[in-house]
Amino acid sequence: MKLETTTDQSPFHAEFESEEEEEEEEDDDDDDEKASSPMSPSFSPFSAAAAAANGDAAAAAAAAAAAAAAAAAAAEEVSVVAPPLNFAMVDHGVFRSGFPDAANFGFLRTLDLRSLLCLCPEPYPEANMEFLHANGIRLFQFGIDGCKEPFVNIPEDTIREALKVVLDVRNHPILIHCKRGKHRTGCLVGCLRKLQRWCLSSIFDEYRRFAAAKARISDQRFIELFDIFSFKHSSASFSC
Numbered sequence: 015m016k017l018e019t020t021t022d023q024s025p026f027h028a029e030f031e032s033e034e035e036e037e038e039e040e041d042d043d044d045d046d047e048k049a050s051s052p053m054s055p056s057f058s059p060f061s062a063a064a065a066a067a068n069g070d071a072a073a074a075a076a077a078a079a080a081a082a083a084a085a086a087a088a089a090e091e092v093s094v095v096a097p098p099l100n101f102a103m104v105d106h107g108v109f110r111s112g113f114p115d116a117a118n119f120g121f122l123r124t125l126d127l128r129s130l131l132c133l134c135p136e137p138y139p140e141a142n143m144e145f146l147h148a149n150g151i152r153l154f155q156f157g158i159d160g161c162k163e164p165f166v167n168i169p170e171d172t173i174r175e176a177l178k179v180v181l182d183v184r185n186h187p188i189l190i191h192c193k194r195g196k197h198r199t200g201c202l203v204g205c206l207r208k209l210q211r212w213c214l215s216s217i218f219d220e221y222r223r224f225a226a227a228k229a230r231i232s233d234q235r236f237i238e239l240f241d242i243f244s245f246k247h248s249s250a251s252f253s254c
């Protein structure tokens with residue numbers, strides 16, 4: 015008697031295999047749950063806290079670095095925009111101010127000055143001289159005493175010599191200054207305005223804008239009487 019073999023599985027055998035597959039899937043799900051469970055050995059609340067702390071520390075360090083960079087940039091900006099007392103532009107390549115000090119050097123560098131004209135008679139400060147030498151700026155000094163009324167003596171010859179320096183564009187950009195940038199500087203600029211054919215009312219308005227309550231009648235009289243005849247062939251236009 016011959017026995018026949020078949021590859022077909024019985025219903026009981028198929029059902030048994032199906033149950034085994036379901037059990038394997040359930041085991042896999044249990045493993046996943048254990049791995050993500052707080053009670054799993056691979057999960058540590060302390061490690062999570064440490065990671066968060068490290069993240070906070072890194073963020074704090076980045077914020078501190080950004081704040082330091084901003085502070086440095088702000089400090090640099092402040093040093094750049096600290097002009098001398100009564101600083102103003104007179105014309106293209108011509109500026110005026112009070113006596114500059116070390117706090118103004120950063121600002122003066124931005125002007126790319128070629129010359130500086132000082133109307134004070136005192137020896138120029140050593141720190142200022144070092145700044146001029148370091149930046150290739152030539153110093154012209156025409157000393158005029160800063161006397162008060164009624165003993166004001168404005169030397170016309172000195173003003174004329176100073177004007178020649180200002181009118182020479184080879185000296186530009188140039189900064190004119192005295193102690194406060196009011197009277198001596200105001201007289202020189204006022205005489206320059208006469209050469210530029212400004213009317214006296216406009217010249218005096220500009221003078222008083224800088225001198226304010228310290229405006230002197232004698233300065234304005236000097237400007238009014240200043241003879242520009244010797245400069246009739248000189249150009250007082252510096253515009254590009």
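Position one of the sequence shown corresponds to residue 15 (the working numbering), numbered consecutively onward. Built from N, CA and C at the ideal position, the CB exists for glycine as well.
| query | result |
| --- | --- |
| For R198, which residues of its own chain have a beta-carbon under 7 Å away from its beta-carbon, when the five flanking residues on both sides are left out? | L133, I158, G160 and C192 |
| Assuming R110 contacts G195 under a Cβ cut-off of 8 Å, what Cβ separation, rounded to an integer in Å, is found between them? | 6 Å |
| At the level of alpha carbons, what is the spacing between S93 and N118? | Confidence in S93 is poor, its pLDDT being 48 and thus under 50, which makes the residue's placement unreliable; the coordinate value appears in the next sentence. Rounded to whole angstroms, S93 to N118 spans 7 Å at the Cα level. |
| Which of the three DSSP states is assigned to C132 in this structure? | strand |
| Quick one: is I231 buried, meaning 16 or more other Cβ sit within 10 Å of its Cβ, or exposed? | exposed |
| Could you tell me the distance, in whole angstroms, from the CA atom of S244 to the CA atom of Q210? | 14 Å |
| What three-state label does DSSP hand Q11 in the structure shown? | Residue 11 is absent from the structure shown; the chain starts at 15 and stops at 254. |
| Give me the Cα-Cα distance between A96 and F156, rounded to the nearest whole angstrom. | 26 Å |
| May I have the straight-line CA-CA distance separating I217 from F145, to the nearest angstrom? | 33 Å |
| Which class does D259 belong to by DSSP, given the choice of helix, strand or coil? | Residue 259 lies beyond the stretch modelled for the chain, which goes from 15 to 254, so this question has no answer here. |
| Leaving out five residues on either side along the sequence, give the residues of the same chain with a beta carbon under 6 Å from the beta carbon of Y221. | G200 and G204 |
| Within 8 Å (strictly less), CB to CB, does A225 reach chain C? | In the displayed structure, chain C is absent; only one protein chain is listed. |
| Could you tell me which residues DSSP pairs with F154 in its beta bridges? | L131 |
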